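Trainee: Last residue of the sequence shown: 254 in the working numbering, with the numbers rising by one and none dropped.
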Amino acid sequence: MSVRVDKWLWAARFFKTRGLASEAVKAGHVELNDIRTKPSKMVQIGDVLQIKRGLDVYIIAVLGLAEKRGSATIAQALYQESEDSLHAREKLHEQRKMLAASTPRPDKRPDKKSRRQIIRFQRK
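As structure tokens, this is what we get:
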């Protein structure tokens with residue numbers, strides 16, 4: 131048995147809609163067994179998918195197939211993420227967290243005059 135890549139990504143809850151999953155595959159954000167693929171390509175048990183969502187990259191092995199979207203616990207049983215992928219995502223998350231903590235935040239929102247100055251500065 132096999133299922134379309136876009137349907138499987140939607141059923142495994144990597145994308146909110148099947149249309150978004152299809153667009154991601156067309157844009158080259160999904161690789162099936164290290165090869166760029168089309169949304170209609172069939173996924174089988176044992177295949178390896180590399181999924182890029184924003185800054186995160188998931189490398190997963192397909193453990194189960196589903197054409198319909200189920201609960202999150204069922205969706206998590208459809209795949210297993212590799213240890214390298216998991217550690218890389220955690221490391222990237224920590225780096226983003228540290229970067230966000232190091233950027234200064236204002237104490238309050240800018241008032242009308244300050245907003246106008248910011249807009250003028252950005253346009254130049």
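Glycine is no exception: its CB is placed at the ideal position from the N, C-alpha and C atoms.
This structure is a prediction, so every number in the text was calculated from the model and none was measured.
Report the three-state DSSP secondary structure of L222 (helix, strand or coil).
Mentor: Start at 1 with the first residue of the sequence shown, and residue 222 comes out as number 92. It is helical.
Trainee: Using the beta-carbon count (16 or more within 10 Å), is S152 buried or exposed?
Mentor: The count along the sequence shown starts at 1 and reaches residue 152 at position 22. Buried.
Trainee: Which of the three DSSP states is assigned to M172 in this structure?
Mentor: Translated into the one-based positions of the sequence shown, residue 172 becomes position 42. Here M172 sits in strand by DSSP.
Trainee: Output the distance between the C-alpha atoms of I175 and Q210, rounded to the nearest integer angstrom.
Mentor: The residue given as residue 175 occupies position 45 in the sequence shown. The residue given as residue 210 occupies position 80 in the sequence shown. Roughly 11 Å between the two C-alpha positions.
Trainee: For the segment 219-236 and the segment 180-188, state whether three or more C-beta atom pairs, one from each stretch, are separated by less than 8 Å.
Mentor: yes
Trainee: Buried or exposed: F145, going by 16 or more other Cβ atoms within 10 Å of its Cβ?
Mentor: As a first step, residue 145 is located in the sequence shown; it is residue number 15 there, counting from the start. F145 comes out buried.
Trainee: Let me know the secondary structure DSSP gives L162 once reduced to three states.
Mentor: If you number the sequence shown from 1, residue 162 lands on position 32. L162: strand per DSSP, three-state reduction.
Trainee: Since K182 is in the beta strand (DSSP E), which residue starts that stretch and which ends it?
Mentor: The residue given as residue 182 occupies position 52 in the sequence shown. K182 -> beta strand (DSSP E) spans 178-183.
Trainee: Going straight from the alpha carbon of V133 to that of S170, what length do you get?
Mentor: Here residue 133 refers to the residue found at position 3 when the sequence shown is read from its first residue. Here residue 170 refers to the residue found at position 40 when the sequence shown is read from its first residue. Taking the straight line joining both Cα atoms gives about 9 Å.
Trainee: Please return the same chain residues whose Cβ sits closer than 8 Å to the Cβ of G194, not counting the five positions on each side in sequence.
Mentor: Sequence index remark: in the sequence shown, residue 194 carries index 64 (1-based). Excluding residues within five positions, the ones whose Cβ falls inside 8 Å are I175, A207, L208, Y209.
Trainee: Can A141 and K198 be called in contact, C-beta distance under 8 Å?
Mentor: Counted from its first residue, the sequence shown places residue 141 at position 11. Counted from its first residue, the sequence shown places residue 198 at position 68. Contact flag set, yes.
Trainee: Check the DSSP bridge columns for I204 and list the partner residues they point to.
Mentor: Numbered from 1 along the sequence shown, position 74 holds the residue referred to as residue 204. Beta-bridge pairing links I204 to no other residue.
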